[in-house]
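Using the numbering used here, the first residue of the sequence shown is number 4, and each one after it goes up by one.
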Amino acid sequence: MPKVAIVGSGVAGSLIAWKLAVAGFQVLLLEAGPAVSRGRAASNFSEFEDPARTYPSTPDQPRWGDEHVFYDQQGPENFAAVYEKLVGGTTWHWLGTSLRFLANDFQLRSHYGVGRDWPITLSQLDPFYAEAERELGVAGAAMPALQATYLDQQIGAAAATVGYRVEVLNAARNSVPYAGRPACRGSATCLPICPIGAKYDASVHVSKAVAAGVELWSSTQVQRLLIKEGRVVGLEAIREGVSQTVDADLFIVAANAIETPRLLLYSGLPNPHTGRFLMGMAGQVSQALAPKPVWPFRSPQVVSGITQFRDGAFRRRRAAFTISIGNDGWPSGAPPRVAADLIDQGLRGKALSQALRDHVSRQVLLVSNCEELPRPENRICLSNKLDSHGIPRPRVHYKVGQYTKDSIDECVLIHARIFQALGANHIHHFEESADPAHLAGTCRMGPAADSVVDSDLRSHDWPNLYVVGSSVFAGVGSAPPTLTIAALALRCAYNLAKTRSS
Ligand SMILES: Cc1cc2nc3c(=O)[nH]c(=O)nc-3n(C[C@H](O)[C@H](O)[C@H](O)COP(=O)(O)OP(=O)(O)OC[C@H]3O[C@@H](n4cnc5c(N)ncnc54)[C@H](O)[C@@H]3O)c2cc1C
Ligand code: SF4
4 MPKVAIVGSG VAGSLIAWKL AVAGFQVLLL EAGPAVSRGR AASNFSEFED PARTYPSTPD
64 QPRWGDEHVF YDQQGPENFA AVYEKLVGGT TWHWLGTSLR FLANDFQLRS HYGVGRDWPI
124 TLSQLDPFYA EAERELGVAG AAMPALQATY LDQQIGAAAA TVGYRVEVLN AARNSVPYAG
184 RPACRGSATC LPICPIGAKY DASVHVSKAV AAGVELWSST QVQRLLIKEG RVVGLEAIRE
244 GVSQTVDADL FIVAANAIET PRLLLYSGLP NPHTGRFLMG MAGQVSQALA PKPVWPFRSP
304 QVVSGITQFR DGAFRRRRAA FTISIGNDGW PSGAPPRVAA DLIDQGLRGK ALSQALRDHV
364 SRQVLLVSNC EELPRPENRI CLSNKLDSHG IPRPRVHYKV GQYTKDSIDE CVLIHARIFQ
424 ALGANHIHHF EESADPAHLA GTCRMGPAAD SVVDSDLRSH DWPNLYVVGS SVFAGVGSAP
484 PTLTIAALAL RCAYNLAKTR SS
């Protein structure tokens, strides 16, 4: 029975672990973080109301608002992407929006003369997208779509008058009971925690993997891969403080687009492209007050959005983007903060309560996520600053390109037009920022001349090493990454299982 060691138990690692175990492989899944108790995490969030204090954390990860502590930021811009180190990985904390990439996202250079073509096409990934949608439980694909909220409908009506079409976005969130998990109840805390498991997280596939025979080592930080004669022969790990060496026939690194290159670089991967072509997703966040109550905070944080800018001839000049409608009020206007401002203005008692309701019920938010192009100078390398295990921390070089900045300017105009059509006031457009949710690139797939893995996600350098996750992306398009991560992991598992049975 071939022995496989998989590093990382997020959606990428847990899906492939489960699939390979079912196909007859002997699988060890190594995860740096601890297991999560949903009840404990939900009560942490309700006690502290701080996404950063919801889950147990390790000292060796970026934290919200503290990205410079773990990352060795080299600029010129701050890279603010965060991730979790947990059994189940970052999907515990994700929002759940689950869009497929478009055909042209895979062939950006052929169609628009910019960026890079992937070595695979949408049609090759289609069957695995469908499987991923069933496995994650995507409303709008594997089950009925979610319902647009009242707020979405009001923004949709206003947006239609200026030529924009609002639609419900597919999401890995149950609209009906599905796969033993309940339907969404609209508690609006998806990010950072769904208290009832209506939103998918990868603990679902960790459980399936363990039930299929996978051995799970939690709280186990893999330090480095051991190389002999051009192959990976083992790995070194610290499991609950104790050093361990593990051997296997096949090694799969599914540790996300920061930790995967860090591990490969520290293990001595000779490929000069490792760590390069880091992509985030630059965001434009804009807030306003609607003229009448639109009632945010009564649904998932995002249900609907605008997708008509995901493709078009404009991509020759500037980036594609998706606009999401926030049902979670203002980033700068959580109800306690609004109350504090109103108190400062001298309001008390009934007048305070009335003003607070009036303000909070009218908060609207638009968030655009813009594509970034793969640029070699945006990269992860090893810092001379060390983590708590004495391993180099990731040094990050990052700059948002002009191609993306031009679309951010366009997003500001579109957001402003929609707010104006709604009759909104108190409009504020935040400074652009790298969306802290998305990260990709760093071990991209493609030809050996300028990539780290081939179209089957196998390393060009060490033939028994595979990489799964968004680090293999050759481009990011305008869809959030996770459905594509899942589809690629399922495709990789399918190909490996086929090799074993042939
Ligand atoms: C706030 C937020 C909102 C998001 N919203 C969306 C969304 O709406 N839609 C979407 O598509 N995506 C979204 N994302 C992104 C999504 O969460 C990620 O794309 C996805 O979770 C990545 O899965 P992964 O398995 O590749 O990596 P991860 O989930 O990061 O898992 C990697 C795992 O590897 C482990 N690991 C790392 N290094 C080591 C090591 N050396 N040894 C052992 N284990 C290791 C880590 O502990 C971690 O558990 C969001 C992310 C955030 C933070
Ligand atoms: S709105 Fe509440 S119940 Fe629905 S997915 Fe989000 S957290 Fe879960």
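Backbone N, C-alpha and C fix where the C-beta goes; we use that ideal spot for every residue, glycine too. These numbers were taken from a predicted model, which means no experiment stands behind them.
DSSP-derived helix/strand/coil call for residue i
{"i": "Phe324", "result": "strand"}
{"i": "Thr93", "result": "helix"}
{"i": "Asp129", "result": "helix"}
{"i": "Trp121", "result": "coil"}
{"i": "Tyr74", "result": "coil"}
{"i": "Ser113", "result": "helix"}
{"i": "Asp457", "result": "coil"}
{"i": "Lys231", "result": "strand"}
{"i": "Thr502", "result": "helix"}
{"i": "Thr152", "result": "coil"}
{"i": "His276", "result": "coil"}
{"i": "Phe476", "result": "coil"}
{"i": "Asn107", "result": "helix"}
{"i": "Trp21", "result": "helix"}
{"i": "Asp250", "result": "strand"}
{"i": "Leu491", "result": "helix"}
{"i": "His392", "result": "coil"}
{"i": "Gly352", "result": "helix"}
{"i": "Val213", "result": "helix"}
{"i": "Leu425", "result": "helix"}
{"i": "Pro79", "result": "strand"}
{"i": "Glu87", "result": "coil"}
Spatial distance of residue i from residue j (CA atoms)
{"i": "Ala8", "j": "Ala214", "result": "17 angstroms"}
{"i": "Asp129", "j": "Pro483", "result": "17 angstroms"}
{"i": "Ala38", "j": "Gln290", "result": "36 angstroms"}
{"i": "Thr277", "j": "Gln304", "result": "35 angstroms"}
{"i": "Ala342", "j": "Ile488", "result": "41 angstroms"}
{"i": "Arg396", "j": "Asn428", "result": "44 angstroms"}
{"i": "Ala260", "j": "Asp361", "result": "43 angstroms"}
{"i": "Phe109", "j": "Leu125", "result": "7 angstroms"}
{"i": "Ala3", "j": "Tyr115", "result": "This structure gives no information on residue 3, because the portion of the chain shown stretches from 4 to 505."}
{"i": "Cys384", "j": "Val399", "result": "7 angstroms"}
{"i": "Leu23", "j": "Ser40", "result": "26 angstroms"}
{"i": "Ala162", "j": "Leu292", "result": "15 angstroms"}
{"i": "Ala191", "j": "Ala142", "result": "17 angstroms"}
{"i": "Pro198", "j": "Gly42", "result": "7 angstroms"}
{"i": "Gly426", "j": "Tyr132", "result": "40 angstroms"}
{"i": "Tyr469", "j": "Leu355", "result": "59 angstroms"}
{"i": "Thr164", "j": "Gly189", "result": "29 angstroms"}
{"i": "Gly593", "j": "His463", "result": "With the chain represented from 4 up to 505, any question about residue 593 goes unanswered, as that position is not in the structure."}
{"i": "Phe300", "j": "Asn330", "result": "6 angstroms"}
{"i": "Ser364", "j": "Asp457", "result": "51 angstroms"}
{"i": "Asp155", "j": "Ser307", "result": "6 angstroms"}
{"i": "Asn498", "j": "Leu18", "result": "14 angstroms"}
{"i": "Glu50", "j": "Asp69", "result": "21 angstroms"}
{"i": "Asn381", "j": "Gly78", "result": "9 angstroms"}
{"i": "Val367", "j": "Arg340", "result": "16 angstroms"}
Close Cβ partners of residue i (< 8 angstroms) along its chain, the five nearest in sequence each way excluded
{"i": "Glu506", "result": "Residue coverage of the chain in this structure runs from 4 to 505, which leaves residue 506 outside it and unanswerable."}
{"i": "Pro466", "result": "Gly233 and Arg234"}
{"i": "Thr407", "result": "Ala285, Arg321, Ala322, Cys373, Glu374, Glu375 and Leu376"}
Cβ shell of residue i (< 7 angstroms), same chain only, five flanking positions each side left out
{"i": "Thr61", "result": "Ala35, Gly36 and Lys88"}
{"i": "Val179", "result": "Met146, Pro147 and Ala186"}
{"i": "Pro379", "result": "Arg279 and Phe280"}
{"i": "Asp250", "result": "Val236 and Gly237"}
{"i": "Ser270", "result": "Arg227, Leu228 and Ile230"}
{"i": "Gly444", "result": "Ala260, Phe280, Leu281, Met282, Pro377, Ser474 and Phe476"}
Heavy atom of ligand 3 within 7 angstroms of residue i beta-carbon
{"i": "Val10", "result": "Looking for ligand 3 in the displayed structure turns up nothing; the ligands present are ligand 1 and ligand 2."}
Sequence-distant residues of the same chain with beta carbon closer than 6 angstroms to residue i, five excluded per side
{"i": "Thr248", "result": "Gly237 and Glu239"}
{"i": "Ile196", "result": "Ala44, Ala45, Phe48 and Thr57"}
{"i": "Asp63", "result": "Asp390 and Ser391"}
{"i": "Arg112", "result": "Gly118, Arg119 and Asp120"}
{"i": "Arg242", "result": "Trp220 and Thr223"}
{"i": "Thr94", "result": "Val14, Asp204 and Ala205"}
{"i": "Ala20", "result": "Ile9, Val30, Leu32, Ala212 and Val217"}
{"i": "Ala144", "result": "Glu136 and Asn173"}
Whole-number beta carbon distance between residue j and residue i, since they are thought to touch under 8 angstroms
{"i": "Pro5", "j": "Asp252", "result": "5 angstroms"}
{"i": "Ile328", "j": "Ile158", "result": "5 angstroms"}
{"i": "Leu98", "j": "Cys193", "result": "6 angstroms"}
{"i": "Arg66", "j": "Ala83", "result": "Not a contact, Cβ separation roughly 11 angstroms."}
{"i": "Pro508", "j": "Cys446", "result": "Any question about residue 508 goes unanswered here, given that the chain covers just 4 to 505."}
{"i": "Ile309", "j": "Tyr153", "result": "Rounded, the Cβ-Cβ distance is 18 angstroms, inconsistent with contact."}
{"i": "Val415", "j": "Gln226", "result": "Not a contact, Cβ separation roughly 45 angstroms."}
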